[in-house]
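Participant: Please find one structure pasted underneath; my questions will follow.
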Amino acid sequence: MALGAGFFSMTFASNAVVVLAIPFYQMTMGVDPFLLSLAMALPIGLGIIASPFIGHLSDQSTSRFGRRKPFIAAGAFVSAISFGAMWMVPQSWSSDAQIVYFSVTYLLFYFASLLVAIPTTSLSYEVSKDPTHRMSIMVINTYFIKAASLLYQWLYPVAGLASFSSILVGIKWVGWSVAIVLIGAMALLPTLVCKESTKIAARVSDVSFSVTWRLLIANRALRWLMGICLLQLGGSVFAASMDYYLLVYYVYDGDIAQGAVWKGILSTAYAVVGFASVPFVSLISRKIGKEKSLQILLLMSIFGGVLKWFLFVPGIGWWIILDAILCSSVWTALTTIIPVLNAQLSDEHKSSHRRPAAGMFAAAFSSVAALAGILALVTSGIVLNTIGFDANNGAQQTDFTLHAMRLILSLGTCIFGMLSLLCLLNYRSTKND
Numbered sequence: 000m001a002l003g004a005g006f007f008s009m010t011f012a013s014n015a016v017v018v019l020a021i022p023f024y025q026m027t028m029g030v031d032p033f034l035l036s037l038a039m040a041l042p043i044g045l046g047i048i049a050s051p052f053i054g055h056l057s058d059q060s061t062s063r064f065g066r067r068k069p070f071i072a073a074g075a076f077v078s079a080i081s082f083g084a085m086w087m088v089p090q091s092w093s094s095d096a097q098i099v100y101f102s103v104t105y106l107l108f109y110f111a112s113l114l115v116a117i118p119t120t121s122l123s124y125e126v127s128k129d130p131t132h133r134m135s136i137m138v139i140n141t142y143f144i145k146a147a148s149l150l151y152q153w154l155y156p157v158a159g160l161a162s163f164s165s166i167l168v169g170i171k172w173v174g175w176s177v178a179i180v181l182i183g184a185m186a187l188l189p190t191l192v193c194k195e196s197t198k199i200a201a202r203v204s205d206v207s208f209s210v211t212w213r214l215l216i217a218n219r220a221l222r223w224l225m226g227i228c229l230l231q232l233g234g235s236v237f238a239a240s241m242d243y244y245l246l247v248y249y250v251y252d253g254d255i256a257q258g259a260v261w262k263g264i265l266s267t268a269y270a271v272v273g274f275a276s277v278p279f280v281s282l283i284s285r286k287i288g289k290e291k292s293l294q295i296l297l298l299m300s301i302f303g304g305v306l307k308w309f310l311f312v313p314g315i316g317w318w319i320i321l322d323a324i325l326c327s328s329v330w331t332a333l334t335t336i337i338p339v340l341n342a343q344l345s346d347e348h349k350s351s352h353r354r355p356a357a358g359m360f361a362a363a364f365s366s367v368a369a370l371a372g373i374l375a376l377v378t379s380g381i382v383l384n385t386i387g388f389d390a391n392n393g394a395q396q397t398d399f400t401l402h403a404m405r406l407i408l409s410l411g412t413c414i415f416g417m418l419s420l421l422c423l424l425n426y427r428s429t430k431n432d
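Heads up: the sequence shown is residues 0 to 432, going by numbering that gives the first Met the number 0.
Dropping the structure here:
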């Protein structure tokens, strides 16, 4: 449960800035949208590079408090302070000064959150070597992740409640409450409850980062596993980004309010089905194995991709929930099955090379997830411009634009699912070799 609290904190740290910064800094304070997006993207890009170094330092640590706990404690403290400070920007400052303030505090917060995320993930790999127990740990973590996913969307509406004298006051209360309780305190729980193995915490000979990195990228099984993550978190997320546009401009003929309502219904369905899918994913993993389970879930998402062509059409109504039923389980696999497989690769690497590696393997997943997020965001913007989407046209989008969106949503989901299956087959082949 303590590890789950850590993952709850990590989920808030990953998403709370976005759900608060856009309505607060852009819509309330009036900063330039492009500069804000740049300020939000830069730390993520730098984090892709920094993550392996953090993982390496954590693996090489010889602290008497453990390899992971000092990093988590320091990161929890700094991330809580910097997150709360992020919303203290004076209203009287110029827009340029406000965006500089946000950039500095967010950069500090992002790197502090990496100090929490990578060692906490490493700790989840190391707390048990038993495959069944390890899967149970990832299942509990997933429940906490999905609970956080349901809650963080409500942060800005809470900040705007009438009980606060203004949104400026509300954002400060919400910001510091989240910072202290949900990000700082919950991130610290694993350091207080979880025990690091004395064997893991024993002193090891120093190994340079370059040597460790070369060994990591030479691991073929890891490359195929991270390929699945990149394709799903990047490719499939890019394809899925078309659903909102189709709901508004195709299914509901440009009615933004109605489209937003059904997007909310669909997102809620994904969250509910996601919760329900956790025991299902856990059960089939125990019965038929993790790799076969992942294969089934990818096949379900491919079938869901085919069905998207027939679901995102005018008059579909509540049948749209079928999309969530077929496609949500694969996202559960990314927080249950994939981490277990990654942890197993870490164990094998440690056995072969006689040194801890969980930090580097956790960092690999962190870097790939961040890279996938940036690629999905950038690709979505480029493609929308390429296919001729123009928000000013409202319901008068061209037939070509709408048809292209439908193809990206449906065919894209299928293609990225099939490529993920190919990566999985190569992963299994590499493991068998």
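For every residue, glycine included, the Cβ atom is placed at its ideal position computed from N, Cα and C.
For a minimum of 3 consecutive residues, which ranges assigned as the beta strand (DSSP E) are wholly contained in the stretch 213-274?
Facilitator: none
Participant: Keeping to the same chain, check which residues put their C-beta closer than 8 Å to that of I337; ignore five residues upstream and five downstream.
Facilitator: Residue 337 sits at position 338 when you count from the first residue of the sequence shown. Once the five neighbours on either side are set aside, the close Cβ partners of I337 are L224, I227, C228, L293 and F364.
Participant: Mapping DSSP to helix, strand and coil, what is F415?
Facilitator: Walking along the sequence shown from the start, residue 415 turns up at place 416. Note: F415 maps to helix in three-state DSSP.
Participant: If the criterion is Cβ atoms closer than 9 Å, does the pair P130 and V339 meet it?
Facilitator: Numbered from its first residue, the sequence shown carries residue 130 at position 131. Numbered from its first residue, the sequence shown carries residue 339 at position 340. The answer is yes: Cβ separation under 9 Å.
Participant: Please tell me whether S121 and S57 are closer than 9 Å, where the distance is taken between their beta carbons.
Facilitator: The residue given as residue 121 occupies position 122 in the sequence shown. The residue given as residue 57 occupies position 58 in the sequence shown. For S121 and S57, yes; Cβs fall inside 9 Å.
Participant: In three-state terms, what does DSSP make of F64?
Facilitator: Numbered from its first residue, the sequence shown carries residue 64 at position 65. DSSP places F64 in the coil class of the three-state scheme, outside both helix and strand.
Participant: So what does DSSP say about A356, is it helix, strand or coil?
Facilitator: Taking the first residue of the sequence shown as 1, we reach residue 356 at position 357. A356 falls in the coil class under three-state DSSP.
Participant: Using a 10 Å radius around the Cβ and a threshold of 16 neighbouring Cβ atoms, would you call M39 buried or exposed?
Facilitator: The residue labelled residue 39 in the question sits at position 40 within the sequence shown. With 16 or more other Cβ atoms within 10 Å, it is buried.
Participant: Cα separation between Q90 and V168?
Facilitator: Your numbering for residue 90 matches position 91 in the sequence shown. Your numbering for residue 168 matches position 169 in the sequence shown. Using only the alpha carbons, I get a separation of about 11 Å.
Participant: Here's a check: name, in chain order, each residue in its chain whose Cβ is nearer than 6 Å to the Cβ of I255, leaving out the five neighbours to either side.
Facilitator: Here residue 255 refers to the residue found at position 256 of the sequence shown. Cβ contact annotation for I255 (same chain, cutoff 6 Å, sequence separation greater than five): V247, in chain order.
Participant: Would L423 and E290 qualify as a contact pair, given that the criterion is a beta-carbon distance under 9 Å?
Facilitator: In the sequence shown, the residue the question calls residue 423 occupies position 424. In the sequence shown, the residue the question calls residue 290 occupies position 291. Yes. Within cutoff.
Participant: Is it true that the stretch 37-54 meets the stretch 131-150, where meeting means three or more beta-carbon pairs spaced less than 8 Å apart?
Facilitator: No, because fewer than three Cβ pairs between the stretch 37-54 and the stretch 131-150 fall closer than 8 Å, the two stretches do not touch.
Participant: Please list, in chain order, all residues of the same chain as S50 whose beta carbon is under 7 Å from its beta carbon, the five residues on each side excluded.
Facilitator: The residue given as residue 50 occupies position 51 in the sequence shown. Cβ neighbours of S50 beyond the five flanking positions: L113, I117, A362, S365 and S366.
Participant: Where do the ends of the alpha helix (DSSP H) carrying S327 lie?
Facilitator: Indexing the sequence shown from 1 puts residue 327 at position 328. Unbroken run through S327: none, as it is neither H nor E.
Participant: Can at least three beta-carbon pairs, one atom from the stretch 66-82 and one from the stretch 176-185, be found at a separation below 8 Å?
Facilitator: yes
Participant: For Q396, which residues of its own chain have a beta-carbon under 6 Å away from its beta-carbon, when the five flanking residues on both sides are left out?
Facilitator: Residue numbering aside, residue 396 sits at position 397 when the sequence shown is read from its first letter. The answer, listed in chain order, is Y248.
Participant: Is the beta carbon of T10 closer than 9 Å to that of F143?
Facilitator: Indexing the sequence shown from 1 puts residue 143 at position 144. Indexing the sequence shown from 1 puts residue 10 at position 11. Their beta carbons are under 9 Å apart, which means F143 touches T10 by this criterion.
Participant: What are the start and end residues of the alpha helix (DSSP H) that includes V18?
Facilitator: Counting from one through the sequence shown, the residue named residue 18 turns up at place 19. Looking at the DSSP string, the run of the alpha helix (DSSP H) that includes V18 is A1 to A20.
Participant: Taking the C-alpha atoms as reference points, what is the distance between G258 and F309?
Facilitator: By 1-based counting over the sequence shown, the position of residue 258 is 259. By 1-based counting over the sequence shown, the position of residue 309 is 310. Distance between the alpha carbons of G258 and F309 is about 17 Å.
Participant: Tell whether a beta-carbon distance below 9 Å holds between A369 and T211.
Facilitator: Numbered from its first residue, the sequence shown carries residue 369 at position 370. Numbered from its first residue, the sequence shown carries residue 211 at position 212. It is not a contact, given that the beta carbons lie outside the stated cut-off.
Participant: Could you tell me the alpha carbon to alpha carbon distance between L421 and H348, rounded to whole angstroms?
Facilitator: To locate residue 421, count along the sequence shown from 1; it is residue 422. To locate residue 348, count along the sequence shown from 1; it is residue 349. Their backbone Cα atoms lie some 24 Å apart in a straight line.
Participant: For a quick check, are the C-beta atoms of Y105 and F23 less than 9 Å apart?
Facilitator: Numbered from 1 along the sequence shown, position 106 holds the residue referred to as residue 105. Numbered from 1 along the sequence shown, position 24 holds the residue referred to as residue 23. Cβ distance not < 9 Å, so Y105 and F23 don't count as in contact.
Participant: By how many angstroms is the C-alpha of V260 removed from the C-alpha of I166?
Facilitator: If you number the sequence shown from 1, residue 166 lands on position 167. If you number the sequence shown from 1, residue 260 lands on position 261. Roughly 24 Å separates the two Cα atoms.
Participant: Measuring only the C-alpha atoms, how far is W83 from A178?
Facilitator: Translated into positions along the sequence shown, residue 83 becomes position 84. Translated into positions along the sequence shown, residue 178 becomes position 179. Per the sequence shown, the amino acid found at residue 83 is Gly instead of Trp. Roughly 5 Å between the two C-alpha positions.
Participant: At the level of alpha carbons, what is the spacing between T429 and G416?
Facilitator: Position 430 of the sequence shown, counted from the first residue, corresponds to residue 429. Position 417 of the sequence shown, counted from the first residue, corresponds to residue 416. Their Cα atoms are separated by approximately 20 Å.
Participant: Who are the near neighbours of I497 in its chain, counting only those whose CB is closer than 8 Å to its CB and skipping five residues on each side?
Facilitator: It is not possible to answer for residue 497, since the shown part of the chain is limited to 0 through 432.
Participant: Measuring only the C-alpha atoms, how far is S240 from R63?
Facilitator: Locating residue 240 in the sequence shown gives position 241, where the first residue counts as 1. Locating residue 63 in the sequence shown gives position 64, where the first residue counts as 1. Going from the Cα of S240 to the Cα of R63 covers about 46 Å.
Participant: Can you grab the Cα-Cα spacing for the pair G273 / N140, in whole Å?
Facilitator: Along the sequence shown, read from residue 1 onward, the residue named residue 273 stands at position 274. Along the sequence shown, read from residue 1 onward, the residue named residue 140 stands at position 141. Near 13 Å, if we compare the C-alpha coordinates of N140 and G273.
Participant: When you compare only the Cα positions, how much space is there between I295 and F399?
Facilitator: Against the sequence shown, residue 295 aligns to sequence position 296. Against the sequence shown, residue 399 aligns to sequence position 400. The straight-line gap from Cα to Cα measures roughly 34 Å.
Participant: For G5, count neighbouring C-beta atoms within 10 Å of its own C-beta (all shown protein chains included) and say buried if the count is 16 or more, exposed if not.
Facilitator: Position 6 of the sequence shown, counting from 1, holds the residue named residue 5. G5 is buried by the Cβ-count criterion.
Participant: Compute the beta-carbon to beta-carbon distance between D252 and A394, rounded to the nearest angstrom, for a pair I have assumed lies under 8 Å.
Facilitator: Here residue 252 refers to the residue found at position 253 when the sequence shown is read from its first residue. Here residue 394 refers to the residue found at position 395 when the sequence shown is read from its first residue. Going by Cβ atoms, the distance from D252 to A394 rounds to 5 Å, so yes, they are a contact pair.
Participant: Just confirm the distance between the C-beta atoms of S300 and L325, as a whole number of angstroms; I'd bet it's less than 8 Å.
Facilitator: Position 301 of the sequence shown, counted from the start, is the residue given in the question as residue 300. Position 326 of the sequence shown, counted from the start, is the residue given in the question as residue 325. Confirmed, Cβ separation roughly 7 Å.
Participant: On the CB-based measure, 16 or more other CB atoms within 10 Å of its CB, does A200 come out buried or exposed?
Facilitator: By 1-based counting over the sequence shown, the position of residue 200 is 201. Caution applies to A200, whose pLDDT of 45 falls short of 50 and renders its modelled position unreliable; the model cannot decide the point.
Participant: What do you reckon, are the CB atoms on L410 and G304 nearer than 9 Å?
Facilitator: The residue given as residue 410 occupies position 411 in the sequence shown. The residue given as residue 304 occupies position 305 in the sequence shown. Closer than 9 Å, so yes.
Participant: Which residue from I386, K68 and T267 puts its Cα closest to that of S148?
Facilitator: Against the sequence shown, residue 148 aligns to sequence position 149. The shortest C-alpha separation from S148 is found at T267.
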